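Here the protein sequences come in this chain order: A and B. The UniProt record's numbering applies: residue 1 is where the first sequence begins, and numbers increase by one. The UniProt record's numbering applies: residue 1 is where the second sequence begins, and numbers increase by one.
There are 2 protein chains.
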Amino acid sequence: MSNVVLTIAGSDSSGGAGIQADLKAFAAHGCYGASVITALTAQNTTGVQGVHPTPSQFVEQQITSVFDDLDIRAIKTGMLFDAAIAKVVVQSLKTRASHGPLPPVICDPVCVSTSGHTLLNEDALDVLISELFPLSTLITPNKSEAELLLSRMGTNVKINDLDAMLASAKKLLSVGCEAVLIKGGHIITHIQDVIATQSKYPELKVIKQGLLGDNMEILLVNYPDIAINSLELVADVLYHKSGETTMFVRPHIESSSTHGTGCTLSSAIASELANGSSLDVAVANAAMYTHVGIQTAHPIGKGHGPLNHFHNVTKFLIPQRTATNPYPFTRLLIEGASSSWKGYVEHDFVRQLGQGTLDRARFIHFIKQDYLYLKYYARAYGLLAAKSTSFGWIRSATETILNVLHEIGNHKTYCSTFGITEADLENTPESAATTSYGAYMIDIGLQGDSMKLVMALTACLLGYGEVGLWLKKQASMENSWVVLEGNPYKHWIEEYAGKMYQDAVRIGLETIESFAVADPPSAQRLNEWHSVWERCTRLEKGFWDMAMQLSE
Amino acid sequence: MSNVVLTIAGSDSSGGAGIQADLKAFAAHGCYGASVITALTAQNTTGVQGVHPTPSQFVEQQITSVFDDLDIRAIKTGMLFDAAIAKVVVQSLKTRASHGPLPPVICDPVCVSTSGHTLLNEDALDVLISELFPLSTLITPNKSEAELLLSRMGTNVKINDLDAMLASAKKLLSVGCEAVLIKGGHIITHIQDVIATQSKYPELKVIKQGLLGDNMEILLVNYPDIAINSLELVADVLYHKSGETTMFVRPHIESSSTHGTGCTLSSAIASELANGSSLDVAVANAAMYTHVGIQTAHPIGKGHGPLNHFHNVTKFLIPQRTATNPYPFTRLLIEGASSSWKGYVEHDFVRQLGQGTLDRARFIHFIKQDYLYLKYYARAYGLLAAKSTSFGWIRSATETILNVLHEIGNHKTYCSTFGITEADLENTPESAATTSYGAYMIDIGLQGDSMKLVMALTACLLGYGEVGLWLKKQASMENSWVVLEGNPYKHWIEEYAGKMYQDAVRIGLETIESFAVADPPSAQRLNEWHSVWERCTRLEKGFWDMAMQLSE
């Protein structure tokens, strides 16, 4: 379930700032983004080439469309361009507030682009200060925006150090918002300054981000320049109307990938709030998200490139379960090894068994080796029990062993109808195909974790289930080549197509599907699973081959 | 590295269609999105409440800004609103083409919204047909768009079945584009129809998507209604100018989450092409992406809600390696267990050892147990070798065993300076702290995969490295409480702070960091790793406790 977040801001044609950056940041936080556009810009990483403001009535109409339909959990405002637009935004928020509490409003007072282009007419400043800020949960000016706002409020100040940031934040709070975040990305500081400021303001909370804590000397051996004393730092100051003040300190990064940093930060804060974080946590997480976005950016464009908005997400490799795809993982496994799976399920041995024409000696050879194989199979479940971390798993592995032991009982009875005694079964020399398959399962169980072992065990479980159902389906067709009546192997077919075995198949399917959902694999891990699965289908085929060739 | 994809289309304030859907689809495919806005709409899931077209010159200016700066790998066009806008798009593409080959252009001829609102003036149709389509790699009309376009071209036809789709696609191709995709999302068909069509057109390639293949009877037992014969199907037809014709067939889904389906599909195709897929593969993947987007959508809004654009991505849990965070995974482990890590590294035993005041009997007790512990430790690396899947890993585990055996030699020499003989070492009864730590490592090695075992082994390796460096750092400070000269344990401290041991620490760090990058863990797996790490820090602390208390 995605929380809906709304941005009211300008559009950046090059996609790195404005509503485009906002939508990307919302998405990276798992939120659903809606966007009201206040102005179009013709813009790229080298600068703003043109601005086309939206008529204020149309800004209002967009907001109305969104508010009328969507359950908005947070709102972020960016570039508002002029007083008329700022006023309709204020009016729309007030109207919305008359119907119930407003969601958190994060106001990023965008005034000037990184490249120096004016994005807010001067007449709009007063609307922001006197009308929009009082509706805001948080305002997020950078150094120059804070200076401009304060000068409009009658205070001329240059914000060049931590003390000035703290004093300015306190002053800005008087506009009536709930909290002020002054962003110090352009004010280089050092840990000594932070310590000095902290000692002057004992109530100040300092959150160190991306800095090494105590007892991390080992991490410095190869990277002594990341020791806290030698780092250039930057800080953001969060001043809350309760008086609580927090300083977020982190390493300064020299980068040209900073286009849209402010948009991204305020959108990340809005997303965090929409997802239920407290303001402190929201700002802390959003600041680190933005920091890493700058650090991991790939060069795009010729000027100040955009951040990497999606550094915190990766591909999901197994499709989601849906009504028409209830077993997506099993399907992926079968499709990924479709030719060897077909070669296993539709093997000549299986066909001749269905026709009832299978040579009796071959079947006897098979059934004796299958008895020896089942010993490995039961032991592999014992190993699975040994590898389990919960009583539930221990029980399920153990019950499977008991089922195999029960199957063994049937096996003996069934074999006796072919004149094979228990002593014959026990004294049969193990064929190479049996050893390779059985020992492979035990080896996989030793090598990997439970899931890897389950992969091997399930290929066998599901394959025999498929053989049973495939023969049953063929038998149900008109003039089928599969004959059940009078077939000496009817009992065998019915056992694997029957309810008891198919119940086990279903449990196997659910097990691997839920395993894969609970612990979604990386590409490397999924590859390993595919390879175990495919190997087992080939080993199964080798088992039928062995029976057909009467080979050792 | 993200490939840049550009959309030239309208804006949907509610975020489900238009450039918003396009940007979301680009992002879900790992592409970087830029967007030129042709018109703003005040819109939500119930309909379009207003349209504010962009002046055509400003559309041109946006395109210029983007083309001048970004390396565009694919272009998608959507709502173009009127002839003037369509003409500047055509002109801009022609200008761009005069500088070198155009990237693939996917033209989604958006004419009417799902809710019935006109999004393309009639006069623009001719510009599309005669000027934009000939520049396009692919055009993607749905049933009603195809009917409208064909009628404008002089052919009145109702497209209600597969035959009509094929014929219409062929006719539309005559406009001069490279390929036509007619989307049949509103034309219900069945597998019998597909088979009939296929027999009429033997050259037709049919790609079944989301339908069960052969040998998947087991997947039907609980879900018989997904058997291919009982499913309502839909098909898209791709007609290429080479004559190659492909039909993509998949289950019809009844859903109200279809707002922006067309935008999403064409953007997904553009992304796939930007990422290097062939047209066939691009269409196939994009169709499935969109299909699952509808199936997994959460309800948003009161009308036709948007798709789930991000069903194919998930959170990355370990931060990326950056210049200021070179060991993000190790750091996460240390920070996740910071108090027990500190309790381990800064234990009283360690402090007294640094001061040189540690009771000699306690040290002797410790060093004897450490000898016994190292036997478990070496065996655990033997188990790691047994679990390895490459000679590289077998070698590295084995070399560690040899290092431990070498350390054991030093151990004996060192112990002899305390009057402890080899026989004393071998005859020492094992204390409970030694057994619990040693046996825990072996157990973890049995339970899980290599990485889980490596977690346990590395907590010990890195912890002793940190102890050594911490004491060394303390010793380097003025008036330090750590005394090296005359300290009876100087040799021990220098061993763990020394180059040889620290080299092993660095290899350990690189190992777990590269492991975590190659096989990024799920939340469940990361939790397990955290818990093994934390447990080992506590077992290490227990080991020092045992020495201090001289307990068994």
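Cβ coordinates follow ideal geometry from the N, Cα and C atoms, glycine included. Source: prediction; values computed, not measured.
Going along chain B in order, which residues have a C-beta closer than 9 Å to the C-beta of residue i?
i	result
residue 257 of chain A	Chain B residues near residue 257 of chain A: none, gap ~12 Å exceeds 9 Å.
residue 45 of chain A	69 and 70
residue 513 of chain A	Under the 9 Å cutoff, chain B gives no residues; its nearest Cβ is about 10 Å from residue 513 of chain A.
Could you pull out every residue in the same chain whose Cβ sits closer than 7 Å to the Cβ of residue i, ignoring the five residues on either side in sequence?
i	result
residue 438 of chain B	373 and 376
residue 394 of chain B	385 and 388
residue 466 of chain B	345
residue 552 of chain B	Confidence at residue 552 of chain B is low in this model, with a pLDDT of 46, below 50, so the placement of that residue is unreliable and no value is reported for it.
residue 555 of chain B	Because chain B in this structure spans residues 1 to 552, residue 555 of chain B falls outside the shown range and cannot be described.
Assuming residue i contacts residue j (C-beta within less than 8 Å), just tell me the rounded distance between them.
i	j	result
residue 85 of chain A	residue 53 of chain A	7 Å
residue 66 of chain A	residue 34 of chain A	5 Å
residue 112 of chain B	residue 78 of chain B	The Cβ separation is near 13 Å, so there is no contact.
residue 148 of chain B	residue 168 of chain B	The pair is not a contact, with the Cβ atoms about 11 Å apart (cut-off 8 Å).
residue 440 of chain A	residue 539 of chain A	6 Å
residue 266 of chain B	residue 29 of chain B	So it is not a contact: roughly 12 Å between Cβ atoms.
Tell me the rounded alpha-carbon separation between residue i and residue j.
i	j	result
residue 325 of chain B	residue 180 of chain A	29 Å
residue 236 of chain B	residue 319 of chain B	41 Å
residue 68 of chain B	residue 102 of chain A	42 Å
residue 64 of chain B	residue 92 of chain B	8 Å
residue 410 of chain B	residue 491 of chain B	11 Å
residue 292 of chain A	residue 27 of chain B	18 Å
residue 418 of chain B	residue 548 of chain B	18 Å
residue 20 of chain B	residue 23 of chain A	8 Å
residue 41 of chain A	residue 306 of chain A	16 Å
residue 367 of chain A	residue 383 of chain B	36 Å
residue 314 of chain B	residue 512 of chain A	20 Å
residue 426 of chain A	residue 408 of chain A	12 Å
residue 248 of chain A	residue 284 of chain A	7 Å
residue 98 of chain A	residue 121 of chain B	39 Å
residue 171 of chain A	residue 332 of chain B	38 Å
residue 251 of chain A	residue 231 of chain A	6 Å
residue 31 of chain B	residue 335 of chain B	33 Å
Using a Cβ cut-off of 8 Å, pull out every chain B residue sitting near residue i, in sequence order please.
i	result
residue 341 of chain A	215
residue 23 of chain A	15, 20, 23 and 24
residue 36 of chain A	13
residue 54 of chain A	40 and 52
Taking Cβ-Cβ distances shorter than 7 Å, what residues in chain A pair up with residue i?
i	result
residue 466 of chain B	215, 217 and 218
residue 470 of chain B	215 and 217
residue 319 of chain B	292
residue 65 of chain B	13, 14, 42, 43, 44 and 49
Against residue i, what residues of chain B qualify as contacts under a CB-to-CB distance less than 7 Å, listed in chain order?
i	result
residue 349 of chain A	Ordered by position in chain B, no residue passes the 7 Å Cβ test against residue 349 of chain A, which lies about 15 Å from the chain.
residue 312 of chain A	315 and 316
residue 462 of chain A	218
Here's a check: name, in chain order, each residue in its chain whose Cβ is nearer than 6 Å to the Cβ of residue i, leaving out the five neighbours to either side.
i	result
residue 81 of chain A	38, 39 and 53
residue 273 of chain B	74, 104 and 282
residue 516 of chain B	318 and 329
residue 56 of chain B	84, 85 and 88
residue 11 of chain B	18, 19, 37 and 40
residue 255 of chain B	294
residue 245 of chain B	204 and 239
residue 364 of chain A	418
Taking the CB atoms as reference points, tell me whether residue i and residue j lie closer together than 7 Å.
i	j	result
residue 177 of chain A	residue 129 of chain A	no
residue 152 of chain B	residue 125 of chain B	yes
residue 522 of chain B	residue 520 of chain A	yes
residue 303 of chain A	residue 46 of chain A	yes
Whose Cβ in chain A lies nearer than 9 Å to the Cβ of residue i?
i	result
residue 188 of chain B	None at all; the shortest Cβ gap to chain A is about 15 Å.
residue 566 of chain B	Outside the displayed range of chain B (1 to 552) lies residue 566 of chain B, so it cannot be described from this structure.
residue 89 of chain B	In chain order: nothing, as chain A lies at least about 13 Å away.
residue 384 of chain B	Residues of chain A passing the Cβ test: none, with the nearest at roughly 11 Å.
Please return the same chain residues whose Cβ sits closer than 8 Å to the Cβ of residue i, not counting the five positions on each side in sequence.
i	result
residue 481 of chain A	351, 354, 355 and 474
Chain A partners of residue i, CB-CB under 8 Å?
i	result
residue 324 of chain B	210, 226, 231, 251, 253 and 295
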